[in-house]
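Worksheet: one structure, shown below.
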Amino acid sequence: MSLELKNVEKKIGLDTHIYPTNLKLKKNTINILLGSTLAGKTTLMQIMAGLDKPTSGEIWFNNENVTGMKVQKRNVSMVYQQFINYPNFTVYDNIASPLKITGVSSDETKQRVGKVAELLKLSGMLNKKPNELSGGQQQRTALARALVKDSDLILLDEPLANLDFKLREELREELPKLFENRDCIVVYATTEPSEALLLGGNTATLQEGKIIQYGKTLDTYNKPNSLVSAQVFSDPPMNIAKIKKLGDQCSFLQNDIQWKTKLNIKDGEYKVGIRPHNITTYKEGNNSLEIKGKVLISEISGSESLIHFTNGNLNWVSLSNGVFQKNVGDEMNLYMNTDEFVYFDQNERLVSNG
Amino acid sequence: MNKTVNQKAWFFVIPVFVLVAFNAIIPLMTVVNYAFQETFGNNVFMWEGTRWFKQIMLSERFHASLGRQFLFTFIILFIQIPLGIAIALTMPKEGIGVPVCLVLMSMPLLIPWNVVGAMWNIFALPDIGFLGHSLNALGFDYNFTQQIGDAWFTTILMDVWHWTSLVVLLSYAGLRSIQPAYYQAAEIDGASRWAIFTKIELPKMKKVLTIAILLRFMDSFMIYTEPFVLTGGGPGNATAFLSIDLVKMALGQFDLGPAAAMSLIYFFIVLLVCWVFYTLMMRNEEKS
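Residue numbers (the numbering used here), protein chains in the order written: chain A, 1342 to 1695; chain B, 28 to 315.
What follows is the structure in structure tokens.
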């Protein structure tokens, strides 16, 4: 089983929504489309499902050309950002609805609905209507509807985006379990890098209608092929600074901080990307580099503290474990872990990992 | 937080009280006053108790006009609600067609009521009106000023022309508020067009339809100007709906007592029906 996009392109009027894209998704995989709003995630999913036709290019499923085939004939299911359920059906009837249309016997329906309801912790509320449920339960019902039929392709379009923080965390942890042991391809769109890392599988980074990089999620994270891909896969955004390399000595252009590198590349100017969590208020790793900063903003997010500071002409973002508050204008020392620096050339392509 | 007490705040509320008193309570109380007394002019009143109410409640004339009123309201609700939904479903969802349709649809709503009556009167005249003349030319024996059926037909047609747009606009707004994802989800399920209508569109339109039915009920139940200009309640009393009958009684016959009692009964019927309907709809809402 595989889903393959061959040179798929989507234009609406003069706007190109998806640039020619090639992508092959394999059996039993979770594939994450990671990108900001308007990156083309939804459009790409709708083309995969057959809800939308590509302007040019082909979609192949199991070595069969399914371009332009109606979505009803494809065995797909989809979960949306909004909680989409039939408003005057009970939870049970909602979950059973895809089975009813395909004519599954009532005994089997009962058994399959019961099983999937249990998996999604909906067993106690099968007789309720969607608007009697909380947002999280409504989305669980929508997920159950997608899982109850044995789809070849399950598409999830930012399913957790409309949930509040706690429910999102809760459901996020259950998601990988739901897709285990399923004979299908899962495509999951999200704007959040942390969600991609949690789900594992493969990740495609998208920007402005282009797939920048596709590969195993951890590979995509650790070895971004370009600055763009690294930015898409970094939240808060990656710090970017221009550097100069001479022999094994590197230095930032706007200050005189220096460090040694094992990089075997030509001398010259490069750009370095540093993820916020690699700039911390404490030393981490063997090769940490001290940097003086003047605090711009300090905020606390969960059990982490985010400090925006200036050094040279640049604004930096650091993310440290622990909860603490700094005052605006404070001078402080921070530490950068040079082992985690990502080097890009002048064309913003990856050079190598330091 | 500490709440401060400041009696001067009443000055913000008093204007509203005065305004409501003048435009609602005082006129209503005058009617109440007339409903319980008999007067021969010169500001001389005699207490009559509930006599006028009993008289109206037992009067065949009132029963007849109330019956006509309910029949008329049910017919136009029965036509306008489904027709309005049907038109809203066929209206374009994007492009230049949207404003064009919306403006065309709102046109009848912008015409003053007596103008609508006069327009339809001329339009339907059997000898010179376009509608009346055409129907006769086609072989129908059509004359709304003399035949009861034709008078009802014309009144209903006029009301449908005038007010269906309101239902259309409300339904259209309801339909537009349904997210496209619902239609996609139904498409993935392989649901039929009819299933999409009954399982998604109708439930999602329930609230606006409740409003539409309520508004159309109240307006049609209190209809006066248009049939007054079109048929004057005739032929005979065939289209004398409650309000037309009421005006006849109050200003034609100058039976102020019974007319006042009738207007209060009229008012309570409208209030009662709206309350029952609204309560039923809302109870349903809570259940589901």
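Idealized CB from N, CA, C, for every residue including glycine.
{"Query": "Euclidean distance between Cα positions of residue 1460 of chain A and residue 1648 of chain A", "Result": "41 Å"}
{"Query": "Assumed close pair residue 105 of chain B, residue 288 of chain B - CB separation to whole angstroms, cut-off 8 Å", "Result": "With a Cβ gap of about 31 Å, residue 105 of chain B and residue 288 of chain B do not count as contacting."}
{"Query": "Counted within 10 angstroms of its Cβ, other Cβ atoms place residue 1613 of chain A as buried (16 or more) or exposed", "Result": "buried"}
{"Query": "Own chain, CB closer than 8 Å to residue 1416 of chain A, minus 5 neighbours either side, in chain order", "Result": "1490, 1491, 1492, 1493 and 1494"}
{"Query": "Environment of residue 1509 of chain A [buried if 16+ CB atoms lie within 10 Å]", "Result": "buried"}
{"Query": "Endpoints, alpha helix (DSSP H) assigned at residue 128 of chain B", "Result": "124-137"}
{"Query": "The segment 1397-1416 of chain A / the segment 1457-1471 of chain A touching (three or more Cβ pairs under 8 Å)", "Result": "no"}
{"Query": "Close Cβ partners of residue 252 of chain B (< 7 Å) along its chain, the five nearest in sequence each way excluded", "Result": "140, 141 and 144"}
{"Query": "Member of A/1409, A/1483 and A/1466 whose CA lies at the smallest distance from the CA of residue 1439 of chain A", "Result": "A/1483"}
{"Query": "Residues from the segment 194-214 of chain B in contact with chain A, defined by Cβ distance under 7 Å", "Result": "206, 208, 209, 211, 212 and 214"}
{"Query": "Pair within 8 Å by beta-carbon distance, residue 1529 of chain A and residue 1497 of chain A", "Result": "yes"}
{"Query": "Against chain B: residues of the segment 1398-1426 of chain A by CB proximity under 7 Å", "Result": "1412, 1413, 1417, 1418, 1419, 1421, 1423 and 1425"}
{"Query": "Per-residue DSSP class, three states only, for residue 99 of chain B", "Result": "helix"}
{"Query": "Residue span of the alpha helix (DSSP H) that contains residue 1484 of chain A, given as start and end", "Result": "1476-1489"}
{"Query": "Limits of the beta strand (DSSP E) - the one that residue 1582 of chain A falls within", "Result": "1580-1587"}
{"Query": "Nonlocal neighbours in the same chain, by C-beta distance under 8 Å from residue 1428 of chain A, ignoring five residues either side", "Result": "1470, 1471 and 1472"}
{"Query": "Residues of its chain near residue 231 of chain B, where Cβ-Cβ distance is below 6 Å and the 5 sequence neighbours each way are ignored", "Result": "205"}
{"Query": "For residue 1602 of chain A and residue 1661 of chain A, believed in contact at Cβ under 8 Å, the rounded distance", "Result": "Not a contact, Cβ separation roughly 24 Å."}
{"Query": "Complete alpha helix (DSSP H) runs within the segment 1382-1414 of chain A (minimum length 4 residues, chain order)", "Result": "1382-1390"}
{"Query": "Short Cβ contact (8 Å threshold) for residue 209 of chain B with residue 227 of chain B", "Result": "yes"}
{"Query": "6 Å Cβ shell around residue 1527 of chain A - same chain, five flanking residues per side excluded", "Result": "1371, 1495 and 1520"}
{"Query": "Contacting residues, own chain, Cβ-Cβ under 7 Å from residue 1479 of chain A (five flanking each side not counted)", "Result": "1424, 1426 and 1471"}
{"Query": "Residue-chain proximity (residue 122 of chain B, chain A), Cβ-Cβ < 8 Å", "Result": "no"}
{"Query": "Assumed close pair residue 87 of chain B, residue 75 of chain B - CB separation to whole angstroms, cut-off 8 Å", "Result": "With a Cβ gap of about 21 Å, residue 87 of chain B and residue 75 of chain B do not count as contacting."}
{"Query": "Run of the beta strand (DSSP E) containing residue 1521 of chain A, from where it starts to where it stops", "Result": "Taken as a continuous stretch (DSSP letters only), residue 1521 of chain A belongs to no beta strand (DSSP E), as it is neither H nor E."}
{"Query": "Where the segment 211-237 of chain B meets chain A: residues whose CB sits under 8 Å from a CB there", "Result": "211, 212, 214, 215, 216, 217, 218, 226, 227, 230 and 231"}
{"Query": "Reference residue 1582 of chain A; option with closest CA among A/1399, A/1598 and A/1570", "Result": "A/1598"}
{"Query": "Within 8 Å of chain B by C-beta, residues of the segment 1368-1393 of chain A in sequence order", "Result": "1387, 1390 and 1392"}
{"Query": "Beta-carbon proximity list for residue 1481 of chain A, same chain, < 6 Å, skipping 5 on both sides", "Result": "1461 and 1463"}
{"Query": "Range covered by the alpha helix (DSSP H) that runs through residue 317 of chain B", "Result": "Outside the modelled stretch of chain B, which goes from 28 to 315, sits residue 317 of chain B, for which no answer is possible."}
{"Query": "Residue 1555 of chain A - DSSP class collapsed to helix/strand/coil", "Result": "strand"}
{"Query": "For residue 315 of chain B, the three-state DSSP class (helix, strand or coil)", "Result": "Reliability of the predicted coordinates at residue 315 of chain B is poor, the pLDDT of 48 falling under 50, and no value is obtained from them."}
{"Query": "Straight-line Cα distance separating residue 1600 of chain A from residue 1588 of chain A", "Result": "11 Å"}
{"Query": "Per DSSP, the bridge partner or partners of residue 1358 of chain A", "Result": "According to DSSP, residue 1358 of chain A bridges with nothing at all."}
{"Query": "is_contact[residue 1429 of chain A, chain B] using C-beta, thresh 8 Å", "Result": "yes"}
{"Query": "C-beta contact flag for residue 1554 of chain A and residue 1543 of chain A at 8 Å", "Result": "no"}
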